[in-house]
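Below is one structure, written out as structure tokens; the observations come after it.
Number of protein chains: 2
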Amino acid sequence: MQQRNERKDAARHRELILDTASQLFHERGVEGVSMHQIAKSAGVGQGTLYRRYASKAELCMELMADSFQRFTSGIDHYLASSAGSPVRERLEGFVARLIEYMASEIEWLSAIKPTVTCAEERIGLYQSEPFVYVVGKLKGLLDEAVQSGDARTEDTEFSAFAAAATFDAGMFFYLTKERGFTVEQIKAKYVGHFSGLLLN
Amino acid sequence: MQQRNERKDAARHRELILDTASQLFHERGVEGVSMHQIAKSAGVGQGTLYRRYASKAELCMELMADSFQRFTSGIDHYLASSAGSPVRERLEGFVARLIEYMASEIEWLSAIKPTVTCAEERIGLYQSEPFVYVVGKLKGLLDEAVQSGDARTEDTEFSAFAAAATFDAGMFFYLTKERGFTVEQIKAKYVGHFSGLLLN
DNA sequence: TAAGTAAGCGGACAATTGTCCATTTATAAA
DNA sequence: TTTATAAATGGACAATTGTCCGCTTACTTA
């Protein structure tokens, strides 16, 4: 008695939905496409769409999975290959890469934040894979910094958590659209800010 | 030729809407009341309601105005009366009070965040009065800290901005509901975190 | 291969938010 | 007091999101 695998028609539809959504998003932007339109274009019912993705946010998360995977690979590789460098340098490197990633995915990120944050949602931004990953890496760097005397944080878990919260898609949006900063400027600000958190 | 004041009927309706909304929110919670219900209960049309408050978020902001006013008065008074104390102490006092305020208003705050954040909204959380106020106070404290050698932040404006972003209603929600921390514990975490940002 | 069953399907429905605009009404000016 | 007009009104409408549930289909097992 083997566990039931995903049915073929379901698999077909999943890819169909993903492809359709991806194309529509690229054509009209994430905000410009409704779940209904996605379902219609993909030729499936609303229920079929929602069965898989409980919200547009989840759908976006799925579409970001690949690029996020590349991002974490890059980060993991970077942190491993620079293991000997000072913590400050690696923290700055991490922050710079994270901002670059956010800049490249801002369109999707901005769609995720509002929906997922909302009250009693099923996922919760703070339990999402990306957020947890960032917190984990930041905590690791902070722990190292504390050990090497570059920081005197007590609760590294919380500090990492608070630090991760500053990488907010809405804030990024505000800084670019309202304040007119370039990605490079924002990156410099973040790097400077985080560098300043360490001692010396 | 005097400038047109608010019409009497408009004023009457504004108070009516505010009172009704306040009562309904207390009865069923912010999430449990729709704008339609508010309009209906107040005996006005949808259009009338939306003419004044473009979203539930704005309505909540208006309802919070009083308590926020008390909050800022308290803060301003505290900072003025403790002008001689070390920056660290005042920063901690500020953070503690802010967390207490958030705890007392969390119900409203959680309603504001999602809506206001969304893409091209008219207000934008980061331009809202509360956020701007917090950034301003934090920047002031940071500037002082830099001057007195307790911090070596370069871009105090940005650092204050990033710091303010950590006071996120969703995060507060997560820490209490999901992680089970008490308000006191959270306050201690925040205070510790911010204290750690200063040198010495 | 046959058949039972759990997974999948899809579109109608309900609930909200937010917009529009013809009509009404308060107020300033004549 | 009358009148002109800008503000205010309210409810119908449109657009979305998300749920429900009877029907269909693929897959397992005998």
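Chains A and B, in that order, give the protein sequences.
Terminal number for the first sequence in full-length UniProt numbering: 200, no gaps in between.
Terminal number for the second sequence in full-length UniProt numbering: 200, no gaps in between.
Note that beta-carbon positions come from the ideal geometry of N, C-alpha and C, so glycine has one too.
Closest Cα partner of residue i within the set the options
i, options, result
"V44 of chain A", "A:F71, A:F25 and A:A10", "A:A10"
"F25 of chain B", "B:L63, B:E15, B:S128 and B:H13", "B:L63"
"L19 of chain A", "A:S41, A:N5 and A:K8", "The question names Leu, yet the displayed sequence has Asp at residue 19 of chain A. Cα-wise, what sits closest to D19 of chain A is A:S41."
"F172 of chain A", "A:S148, A:K187, A:Q127 and A:S34", "A:K187"
"D150 of chain B", "B:Q127, B:S195 and B:F68", "B:S195"
"V132 of chain B", "B:E157, B:S85, B:I17 and B:A54", "B:E157"
"Q127 of chain B", "B:F161, B:T72 and B:E107", "B:F161"
"T176 of chain B", "B:E107, B:A54 and B:I38", "B:E107"
"R70 of chain B", "B:P130, B:Q147 and B:E178", "B:P130"
"L142 of chain A", "A:M61, A:Q23 and A:E89", "A:E89"
"G85 of chain A", "A:A65, A:A54, A:S148 and A:N5", "Strictly speaking, residue 85 of chain A in this sequence is Ser, with Gly absent from that position. Cα-wise, what sits closest to S85 of chain A is A:S148."
"I17 of chain A", "A:A65, A:M61 and A:A39", "A:A39"
Beta-carbon spacing of residue i, residue j below 8 Å
i, j, result
"A134 of chain A", "A96 of chain A", "Per the sequence shown, the amino acid found at residue 134 of chain A is Val instead of Ala. The answer is no: Cβ separation not under 8 Å."
"E154 of chain B", "G140 of chain A", "no"
"A145 of chain A", "V183 of chain A", "no"
"L125 of chain B", "G180 of chain A", "no"
"L109 of chain B", "M102 of chain B", "yes"
"residue 217 of chain B", "S159 of chain B", "Outside the modelled stretch of chain B, which goes from 1 to 200, sits residue 217 of chain B, for which no answer is possible."
"K56 of chain A", "M35 of chain A", "yes"
"F94 of chain A", "K137 of chain A", "yes"
"A21 of chain A", "L59 of chain A", "yes"
Expected contact under 8 Å - CB spacing of residue i and residue j to nearest Å
i, j, result
"Y174 of chain A", "I99 of chain A", "That belief does not hold up - the Cβ atoms of Y174 of chain A and I99 of chain A are roughly 14 Å apart, past 8 Å."
"R152 of chain B", "L197 of chain B", "11 Å between Cβ atoms; not a contact."
Practice prompt. Assess, as a yes-or-no matter, whether the stretch 78 to 95 of chain B is touched by the stretch 26 to 44 of chain B under the definition of 3 or more beta carbon pairs within less than 8 Å.
Written response: The stretch 26 to 44 of chain B and the stretch 78 to 95 of chain B do not touch, with fewer than 3 CB-CB distances between them shorter than 8 Å.
Practice prompt. Answer yes if the stretch 11 to 19 of chain B comes into contact with the stretch 46 to 53 of chain B, meaning at least three C-beta pairs across the two stretches below 8 Å, and no otherwise.
Written response: At 8 Å Cβ cutoff, the stretches touch.
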